[in-house]
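So the sequence shown is numbered by this note's numbering: it starts at 1 and just counts up by one.
In this text, a Cβ means the ideal position worked out from N, Cα and C, and glycines have one as well.
Here's the structure, in structure tokens; my notes come after.
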Amino acid sequence: MKTAKQNKITFFPVFLVLVISFLILNSSFLIQAVSAQARIPLVVAPARQTVAIDPGKTADLQIKFFNESVTAVAGNIKAVDFIVTEDSGAPVLLENQVNPWVKLPYEKASIAAGDVLKVNFKVNIPTNTQPGGRYVAIMFEQTGQIPDTQTNDEGASAISSRIVGLVSIRINGPVYESAFVDIFKTPSFLEFGPIPVYFEILNKGGYHITPVGQLTLTNWFGQEVEKKTIDSKNIFPDARRNYDTKIGKTWMFGRYLLNFTASYGDQGKTITMSKFIWVVPVTLILVIILGIIIAILSTVLIIKRFKVKQVKLEEKLEEEITELESLKNKFKDKLPK
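This is how it looks when you write it as structure tokens:
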């Protein structure tokens with residue numbers, strides 16, 4: 001009876017170790033499977049392209065889709081409009097709006113393993129189209145399944161993917177250009193630098209722009225403290241992009257002028273903005289003043305104490321002199337002549 005109980009106790013840890021080992025191995029397999037599924041084996045080239053076309057004209061373009069997996073891929077090809085509304089600059093596909101200007105040679109295609117699909121398409125611009133920008137995404141959307149490239153198991157989970165190439169179409173002609181700083185935020189007062197600067201540029205024109213500009217900080221003597229170039233960002237029509245940076249040094253004092261100037265578009269239009277900022281280390285100044293006051297009071301107190309002590313010594317000395325004089329007069333007649 002005792003032996004059976006001991007065997008039962010010994011068996012439980014062994015069983016527990018086996019269960020834990022099985023779970024660890026199974027978790028590793030799942031992680032590898034998820035990692036394999038996260039990879040998209042399709043590549044598009046060029047990822048972005050720009051073309052300028054006159055109204056009533058046609059342009060021939062090409063886009064390539066590379067299949068880097070070990071199996072063939074089947075999918076649909078279509079051209080849809082896209083817009084950019086988010087500050088990140090990420091395109092938003094309008095999948096329900098198939099672009100009528102783009103004529104694709106076919107709507108379905110397959111790409112052999114390790115092969116490339118070349119899609120030659122035409123862009124037809126209607127005669128009465130207004131000058132400006134139009135933005136189209138050529139999309140290959142997989143309809144089949146791609147087996148896991150890390151295993152030969154045909155029953156393994158598959159990856160579903162799609163990939164797009166972006167085409168910026170400029171319709172030639174006089175394009176309306178308009179952009180301005182919609183938000184410009186900097187603190188009016190600071191104790192220490194550098195000065196944080198946040199602003200947003202809004203594009204109300206008919207074509208995307210890439211503003212080129214700089215921030216300049218000058219002190220109250222007109223001397224340049226720092227000049228900083230802004231990041232290069234594309235701003236699509238009716239979209240905005242934000243800029244967040246810092247300018248100046250840690251130790252600054254006085255009134256500073258912050259100027260922002262940028263140019264954009266074919267016409268070289270400019271955007272300007274300026275603001276005055278005070279930088280005064282109030283806390284540090286108060287600490288210094290308080291330290292000076294404490295030092296002065298301490299000095300005055302020390303001098304006062306020294307004077308009081310000196311007066312007491314003088315009074316004591318006078319008392320001793322007086323006492324000596326009285327003793328001298330008292331024993332004057334008794335001193336031998």
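Glu200 sits in a strand when the DSSP states are folded into three classes.
Ile63 sits away from Gly213, with the two beta carbons spaced by 8 Å or more. Note that the region 278-286 does not touch the region 315-323; fewer than 3 beta-carbon pairs, one per stretch, sit closer than 8 Å. The alpha-carbon separation between Pro237 and Phe180 amounts to approximately 12 Å. By the neighbour-count definition (other C-beta atoms within 10 Å, threshold 16), Phe306 is an exposed residue. A direct Cα-to-Cα measurement between Thr229 and Trp278 gives close to 22 Å. Separation of the CB atoms of Tyr135 and Pro211 is rounded to 19 Å, and the pair is thereby denied contact status at 8 Å. Using a Cβ distance threshold of 8 Å, Leu257 and Ser274 count as a contacting pair. The region 237-247 and the region 190-206 touch, with three or more beta-carbon pairs separated by less than 8 Å. Counting only residues of its own chain and dropping the five nearest sequence neighbours on each side, Gly89 has a CB closer than 7 Å to the CB of Lys233, Asn234 and Arg241. In the three-state reduction of the DSSP assignment, Ile125 falls in the coil class. Non-local C-beta neighbours of Met252 in its own chain, meaning closer than 7 Å and more than five positions away in sequence, comprise Gly193 and Val279, ordered along the chain. Beta-bridge annotation (DSSP): Gly254 is paired with Val279. Per the Cβ contact rule, the region 38-56 is not in contact with the region 103-110 (fewer than 3 Cβ pairs under 8 Å). Sorting Asn124, Gly132, Gln130 and Asn128 by C-alpha distance to the C-alpha of Lys103 places Asn124 at the top.
Only buried fits Leu190, as 16 or more other CB atoms lie within 10 angstroms of its CB.
Secondary structure in the region 254-323: the beta strand (DSSP E) runs of 3 residues or longer, each lying completely within the stretch, are 254-264 and 269-279 in chain order. Cα atoms of Val197 and Thr216: separation of roughly 11 Å, rounded to the nearest angstrom. Ile83 is not a Cβ neighbour of Thr129, given a cutoff of 8 Å. Considering only Gly173, Val92, Phe199 and Ser188, the residue with the shortest C-alpha distance to Asp182 is Phe199.
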